[in-house]
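Numbering (this note's numbering), first residue to last: 73 to 483. Yeah, the Cβ is synthetic: ideal placement off N, Cα and C, and Gly gets one too. Computed from a predicted model, the values in this text were never measured in an experiment. Before any comments, here is the structure.
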């Protein structure tokens with residue numbers, strides 16, 4: 073256990089623990105304490121008390137002293153400086169044409185730092201502004217951006233209930249609030265009715281949420297199937313605070329009847345969104361099938377008798393068909409023989425082409441080995457020994473006479 077006191081620096085702000093040392097401090101007194109921002113003064117929210125070590129945030133800073141009359145004069149002088157600092161900062165903002173609004177200015181007790189609280193729609197580059205303010209006040213400058221909820225807490229005002237803002241009166245910290253809370257409490261989901269002056273969901277939605285959660289554990293939800301003294305039915309309305317439900321009976325009653333939570337028992341919980349979607353798809357598919365079946369014409373099949381003009385037997389049946397005559401030859405077992413087809417002529421292999429010895433000699437002659445102009449042949453022959461472009465041009469130009477199939481030169 074640790075001996076501490078609780079100090080609050082702003083009305084309605086959060087309280088912090090400090091070490092009172094050997095001092096006995098009562099609630100409502102003002103003390104000077106050492107903080108991360110320097111020496112500050114605050115009001116004692118709770119006097120000397122012992123708390124568990126797990127609730128104490130280390131390191132526990134000590135109390136300097138209880139404030140005196142001289143200390144209160146310094147506080148009053150700092151408040152006058154805050155008004156001048158606010159005017160100077162607002163003038164510099166207009167000069168730099170920055171999209172930001174100054175909400176509050178705070179001096180530390182020893183004057184070592186000035187904190188400017190502002191609001192803006194987005195990020196603001198205020199580096200030039202900080203340089204100008206530091207040159208004017210000759211001290212450390214800190215600009216801190218706050219949200220719309222902190223802005224409402226600093227300015228204060230009256231809520232839709234007619235009372236001062238909860239955040240400016242007694243709330244130490246902002247608790248998370250969601251639209252699910254308004255839905256579980258049966259409130260209107262219209263944003264204008266469940267939002268505060270700051271534009272966010274009202275903080276008071278959190279106050280009764282735990283009570284509603286306990287009631288919902290024992291109360292059937294909407295569209296649940298329950299058993300009543302008059303038979304099964306479906307829940308169509310729920311009043312959590314009174315503990316009453318309106319149930320539409322499945323026996324055919326037109327009007328729903330009121331029952332208490334103790335009189336009914338849950339048979340089946342309401343369908344989930346997925347189950348509802350599947351049921352809707354199945355119902356739509358069945359409806360489409362019925363429509364297609366109604367639109368599709370019914371085909372009637374009538375059995376028609378073939379006409380028979382021949383003579384019938386005494387019992388009115390047709391005479392058996394005569395067997396077809398077969399004049400061909402039959403095999404040993406009496407079956408008809410199959411006439412063999414004529415075999416197809418075998419394909420004759422084509423004779424291989426005989427190589428012409430003259431063509432070889434012609435190739436050798438055209439290869440350029442025996443060309444009369446050997447100097448040109450060696451100069452223009454490729455490195456692989458093939459025909460040169462120069463040699464082809466000579467052949468095409470008519471240096472050698474063309475030959476016929478027998479290898480004789482044409483005249």
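Residue 267 and residue 165 have their alpha carbons spaced roughly 31 Å apart.
Within the same chain, Cβ atoms closer than 8 Å to the Cβ of residue 220 are found at 191, 270, 271, 272, the five residues on either side in sequence being excluded.
Residue state for residue 126 is assigned as helix, using DSSP reduced to three classes. Going by C-alpha positions, residue 94 is about 25 Å away from residue 82. Residue 309 carries a strand assignment under DSSP once its states are collapsed to helix, strand and coil. Residue state for residue 336 is assigned as coil, using DSSP reduced to three classes. Its Cα nearest to that of residue 201, the residue 174 stands out among 222, 115, 174, 194. For residue 189, the uninterrupted beta strand (DSSP E) run begins and ends at 185–191, by DSSP. Taking a 10 Å sphere around the C-beta of residue 237, we find 16 or more other C-beta atoms and assign the residue as buried. Contact check between the region 180–196 and the region 206–222: three or more CB pairs, one atom from each, fall below 8 Å, which counts as touching. Spanning the alpha carbons of residue 256 and residue 129 requires a straight line of approximately 36 Å. Excluding the 5 residues flanking it on each side, residue 225 has same chain C-beta neighbours closer than 6 Å at 239, 240, in chain order. Residue 320 is positioned such that its CB atom lies no closer than 8 Å to that of residue 303. When only Cα atoms are considered, residue 295 and residue 247 end up about 32 Å apart. Looking at the DSSP output, residue 197 shares a beta bridge with no other residue. Under the DSSP assignment, residue 157 falls in the alpha helix (DSSP H) whose first and last residues are 141–168. Taking a C-beta distance under 8 Å as the contact criterion, residue 138 and residue 105 do not qualify as a contact pair. Ranked by how close their Cα comes to the Cα of residue 338, the residues 312, 314, 290, 344 have 290 in first place. For residue 252, the enclosing alpha helix (DSSP H) has its first and last residue at 251–256. 176 is the residue among 74, 278, 176, 147 whose C-alpha sits nearest the C-alpha of residue 160.
The region 77–92 makes contact with the region 111–128: 3 or more CB pairs, one atom from each, lie closer than 8 Å. In the structure shown, residue 226 adopts helical secondary structure according to DSSP, grouped into three states.
Check the Cα spacing between residue 297 and each of 203, 280, 318: the tightest is with 318. Residue 284 and residue 312 do touch by the CB rule: their CB atoms are close to 6 Å apart, below 8 Å. Less than 8 Å divides the Cβ of residue 211 from the Cβ of residue 184.
Under DSSP, residue 91 takes part in a beta bridge, and its partners are 134. A Cβ-Cβ contact shorter than 8 Å links residue 308 with residue 328. Short of 6 Å from the beta carbon of residue 244, and not among the five residues preceding or following it, lie these beta carbons of its own chain, in chain order: 86.
Residues of the same chain with a CB within less than 6 Å of the CB of residue 181, apart from the 5 flanking positions on each side, are 111, 112, 113 in chain order. Pairing residue 278 with residue 310 gives a Cβ-Cβ distance that is not under 8 Å.
Runs of the alpha helix (DSSP H) spanning 4 or more residues and lying entirely within the region 263–289 occur at 263–266, in chain order.
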